[in-house]
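Undergrad: Per numbering that gives the first Met the number 0, the sequence shown starts with residue 0, numbered consecutively.
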Amino acid sequence: MVQGLSIGGIYINSIVISEYVHPSRRGYFITLKKVSIGIGSLCCHAMEPFWTWRQIAAFAAAPPVLAIVLTLFWPESPSFLALNGRFAECEKSFKWLNGNSEESQIHLKNLVEVCMEKCGRNKKRPGIHQILKKFLAKDFQKSIFIVSVLTLSLDLCGRYYFVAYVTEIMVKLLDNKTSAMFFTLGADLLTIVALSSSTIVIRYFNRRTLLFTFGSFTVILMLSISLLVYLNSIFKFPTAILWLTALIIIFLCFVVNIGVVPVSFALIGEIFPLEHKGLGSFISGIVFTSCFALSLKLTPVLILRTGLYGTYAIYAVCLALCLAMLYQILPETKDKPLQEIEDDLKGVHKIESSLMLEGKKLISNA
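1. Where do the N-terminal and C-terminal ends of the alpha helix (DSSP H) with Cys-290 fall, by residue?
2. If Glu-75 sits next to Ser-92, beta carbons under 8 Å apart, how far is it from one beta carbon to the other, in whole angstroms?
3. For Ala-186, which residues in the same chain have their Cβ closer than 7 Å to its Cβ, ignoring the five residues on either side in sequence?
4. Give the DSSP-derived three-state secondary structure of Leu-71 in the structure shown.
5. Across the region 185–205 and the region 23–34, are there enough close Cβ pairs to call them in contact, namely three or more that are closer than 8 Å?
6. Pick helix, strand or coil for Gly-98, following the three-state DSSP scheme.
7. Cα-Cα, which of Gln-54, Trp-242 and Leu-344 is closest to Phe-182?
8. Could you tell me if Ile-131 is buried or exposed, where buried requires 16 or more neighbouring beta carbons within 10 angstroms of its beta carbon?
9. Going by CA-CA distance only, name the one from Leu-344, Glu-341, Leu-293 and Ala-265 that's closest to Ile-16.
10. So, Ala-81 versus Leu-110, is the Cβ gap smaller than 7 Å?
11. Which class does Tyr-229 belong to by DSSP, given the choice of helix, strand or coil?
12. Going by other Cβ atoms of all chains shown within 10 Å of its Cβ, with 16 needed for buried, is Glu-339 buried or exposed?
13. Could you pull out every residue in the same chain whose Cβ sits closer than 8 Å to the Cβ of Val-228, ignoring the five residues on either side in sequence?
14. Distance check for Arg-53 and Pro-62, CA to CA, integer angstroms please.
15. Under 7 Å, do Pro-261 and Thr-70 count as touching if we go by C-beta distance?
16. From this set, Lys-32, Asn-83, Phe-161 and Ile-240, which residue's C-alpha is nearest Gly-277's C-alpha?
17. Would DSSP call Tyr-19 helix, strand or coil?
18. Taking 8 Å as the threshold, find out whether the region 97–107 comes into contact with the region 284–297 through three or more Cβ pairs.
19. Go ahead and pull the three-state DSSP assignment for Arg-202.
20. Given this structure, state the Cα-to-Cα distance separating Ser-196 from Leu-209, to the nearest angstrom.
21. Use the C-beta contact count for Met-221: other C-beta atoms within 10 angstroms, 16 or more gives buried, fewer gives exposed.
22. Within this structure, are the beta carbons of Phe-408 and Val-254 separated by less than 7 Å?
23. Give me the residue from Val-146, Ser-40 and Ser-78 with the minimum Cα distance to Phe-281.
24. Pull up the distance between the alpha-carbon of Ala-32 and that of Ile-233, whole angstroms please.
25. What is the C-beta distance between Leu-344 and Asp-138, in whole angstroms, given that I count them as a contact (C-beta under 8 Å)?
26. Would you kindly check if the distance between the Cβ of Arg-206 and the Cβ of Lys-335 is under 7 Å?
27. By the three-class DSSP mapping on this structure, what secondary structure does Glu-331 have?
28. Measuring alpha carbon to alpha carbon, tell me which residue in Glu-274, Met-169, Cys-42 and Val-218 is nearest Thr-180.
29. Quick one, which of Tyr-326, Pro-330, Asp-342 and Cys-317 has its alpha-carbon nearest Gly-157's?
30. Taking just the CA atoms, how far does His-128 sit from Phe-175?
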């Protein structure tokens, strides 16, 4: 129960950030969230030899308590307020978060216009029929599919099973617990470096470019690890080659966390249309939890049955298939307002329209 509540909070954070933060800074803040998780993982691994699990759990409870207190002072998100017809509060919240620039005014105007139209169509509270009807909407199905494949890709590349089993993987590879512990701490440090660096990378490069570049590199590294471990099982390489394999695994951790992880979470937070965000977040949360649990339960079984080389090979092939599917359907979302991303999913391409705002003629390309 505690684990489920924690995972739910982690997942919903990406959705919250996407609604609160300006489009140009959205990926940056989502990545900072991942940096904090990396720091937490390093602290827990570093405290493991000295503290009991109860002491570590008590220490880990402090940040969530602080977060609860801070959240009490936030305004509600503009998207939520607009979707519920509270437009005056929406405008106040939007200006508090994004300022009063001309660009912000355009984004606010687009948000209010779309939500007014939706509120006019849906005056009644949604019943079972309306909820079931959402499942047939193409933009809902497409966004759910994209998020599900992205979530599966995160698990396949080792975002969770590697953190959970890095010590066991290193012990199995090196047959030395002391060396394995040092490699574990090194992986945690490199994760923090990678996630910190990704705050810059994700600011300047497109989401698709980062995902498919680092995703392809991840597949290559996983297949290389599989090949080296397999050859070692036949020819019994010297210790230097085993250490090289361990270093490649650590480098894989860096590649995953500088590209695949931050981009995937940024996309998960951005991709749902506003009217489907509640139901979509609920379903994708189930997918997230299921994939997370499956990867943690399946990885030890695969290592036992197929060996370390078989596990990496299977995950690499599955990740390659996920990337191939995403390449065909994933839209670019960098620096786009959520409404524009929603229009892309629906296949709506707005022509240049003139907007009169405070007596000035502004051109908006949506």
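Glycine included, each C-beta is placed from N, C-alpha and C at the ideal position.
TA: According to the data block:
1. 276–328
2. 6 Å
3. Excluding positions up to five away in sequence, the list reads Val-165, Ile-249 and Cys-252.
4. coil
5. yes
6. For Gly-98, the secondary structure class from DSSP, reduced to helix, strand or coil, is coil.
7. Scanning Gln-54, Trp-242 and Leu-344 for the CA closest to the CA of Phe-182 turns up Trp-242.
8. The sequence given here has Leu at residue 131, not Ile. So Leu-131 counts as exposed.
9. Ala-265
10. yes
11. Tyr-229 falls in the helix class under three-state DSSP.
12. buried
13. Spatial neighbours of Val-228 in its own chain (CB-CB distance under 8 Å, excluding positions within 5 residues in sequence) are listed in chain order as Leu-172, Thr-244, Gly-306, Leu-307, Tyr-308 and Tyr-311.
14. 16 Å
15. no
16. Asn-83
17. helix
18. Not touching, per the Cβ criterion.
19. helix
20. Taken atom to atom, the span from the alpha-carbon of Ser-196 to that of Leu-209 is near 13 Å.
21. buried
22. No answer is possible for residue 408: it lies beyond the span of the chain, which begins at 0 and ends at 365.
23. Val-146
24. Residue identity differs from the one stated: residue 32 is Lys in this sequence, not Ala. Roughly 43 Å between the two C-alpha positions.
25. 4 Å
26. no
27. coil
28. According to the sequence provided, residue 180 is Met. The question's Thr does not apply to it. Checking every option, the nearest Cα to that of Met-180 belongs to Met-169.
29. Comparing Cα positions, the closest option is Cys-317.
30. For the record, residue 175 in the displayed sequence is Asn; it is not Phe. So the alpha carbons of these two residues sit roughly 59 Å apart.
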